[in-house]
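Chains as they are written, first to last, in this note's numbering: chain A, 23 to 170; chain B, 23 to 170. From the three backbone atoms N, C-alpha and C, an ideal C-beta is built for every residue, glycine too. Remember, it's a predicted structure, so these values are computed and weren't measured experimentally. Everything below concerns the one structure shown next.
Protein chains: 2
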Amino acid sequence: MAKIIRSENYRWDVPLKEYKSDGTGFRDITRQTILGEAEGEERLNFLTRYFEVQPGGYSSLEHHEHPHAVVIIRGEGEVILKDRVEPVGLHDCVYISPHTYHQFHATGAEPLGFLCIVDRERDRPQVPGDTDLENLRKHPDVAKRLRV
Amino acid sequence: MAKIIRSENYRWDVPLKEYKSDGTGFRDITRQTILGEAEGEERLNFLTRYFEVQPGGYSSLEHHEHPHAVVIIRGEGEVILKDRVEPVGLHDCVYISPHTYHQFHATGAEPLGFLCIVDRERDRPQVPGDTDLENLRKHPDVAKRLRV
């Protein structure tokens, strides 16, 4: 059934969750699945999630087959995209293509908040081993920014 | 390849299009497909679009099999969802379930802007015939708000 999930101050009336229930390599980040996981939303082939990273925090450095469509809706930050680091700000959209290592960092005074849309059926993220980390660190900007 | 589509004042560096190239029943509305239609984005199974309705404008009253995930990112308005009219404001999320008649109206002084995510492969919208219109108008709030 059609419905409205109302928002107030970057929170929606759905569960606020930990970013991930396992793993390490992330800091001060929360997740809300706004649409796609609740009962009656099974027809949606994609999930609309909101991630919020507190100042100084970051998501995990990872890659996967499924792409991400990200739209920043709060604050500003930097994103590692494989071999480069890019600034992102309000309403910028980030396309994370398959198997691109990526990591979001909240670099401003305000939290960095973004919508991230993904296929409902998707593969699990992979984190870098020593060889991949070594290769990523060959790029000075990436080396300076990444956290594991 | 991973990339950033930068935004400035609710416009992205992609073509700004008419809402629809055919049909009637809409007013003062534009469309930008931020992600999913450009070269190299074929792996995305969904499109991330931005619609902007100028004050007093509205989208077409329609329904279809494919669901919509909508997130308001500018202004405020009202949305017809089948038999009711709901106010929507910043960051509210609207789930348009299959075959729910819907129509967005910009009722404030500022444009109403929203992201709307849909499956890449989807059916065409259907507009109401006389019988459906008659049924929709049985609901006083809907009758007052709808435009065709």
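Within 8 Å, strictly: CB atoms of residue i and residue j
| i | j | result |
| --- | --- | --- |
| A/Ala131 | A/Pro77 | yes |
| B/Leu66 | B/Arg142 | yes |
| A/Ser29 | B/His113 | yes |
| B/Leu57 | B/Leu69 | yes |
| B/His121 | B/His161 | no |
| A/Gly47 | A/Val149 | yes |
| A/Ile51 | A/Val75 | yes |
| B/Ile26 | A/Val140 | no |
| A/Lys42 | B/Ala24 | no |
First through last residue of the beta strand (DSSP E) which encompasses residue i
| i | result |
| --- | --- |
| A/Arg169 | That residue, A/Arg169, is in no beta strand (DSSP E); it is neither H nor E in DSSP. |
| B/Glu100 | 99-103 |
| B/Leu134 | 134-141 |
| B/Leu69 | 68-80 |
| B/Leu57 | 49-57 |
| A/Gln125 | 124-128 |
| B/Ala91 | 90-96 |
| A/Lys25 | 25-27 |
| A/Val110 | 106-110 |
Residue nearest to residue i in terms of C-alpha spacing, selected from the options
| i | options | result |
| --- | --- | --- |
| B/Ile95 | B/Val116, B/Ser81, B/Val107 | B/Val116 |
| B/Glu59 | B/Arg33, B/Asp154, B/Arg71 | B/Arg71 |
| A/Ser119 | B/Lys42, B/Glu63, B/Ser29 | B/Glu63 |
| A/Ala165 | A/Val75, A/Val140, A/Asp145, A/Gln125 | A/Gln125 |
| B/Arg33 | B/Arg167, B/Leu155, B/Ser81, B/Gln54 | B/Gln54 |
| A/Val107 | A/Pro147, A/Leu158, A/Phe73 | A/Leu158 |
8 Å Cβ cutoff, residue i in contact with chain A
| i | result |
| --- | --- |
| B/Asn67 | yes |
| B/Pro89 | yes |
| B/Ser119 | yes |
| B/Ser82 | no |
| B/Arg28 | yes |
| B/Thr52 | no |
| B/Leu137 | yes |
Neighbouring residues, chain E, relative to residue i (Cβ below 7 Å)
| i | result |
| --- | --- |
| B/Asp141 | Given the protein chain composition of this structure (A and B), no chain E is represented. |
Any chain B beta carbon closer than 8 Å to residue i
| i | result |
| --- | --- |
| A/Asp114 | yes |
| A/Leu168 | no |
Bounding residues of the alpha helix (DSSP H) (the contiguous stretch that carries residue i)
| i | result |
| --- | --- |
| B/Leu155 | 152-158 |
Residue i CB to nearest heavy atom of the ligand FAD below 7 Å
| i | result |
| --- | --- |
| A/His90 | In terms of ligand content, the structure shown is empty, and the ligand FAD therefore cannot be addressed. |
Touching by the beta-carbon criterion (3+ pairs, under 8 Å), the segment 92-105 of chain B and the segment 126-144 of chain B: These segments touch.
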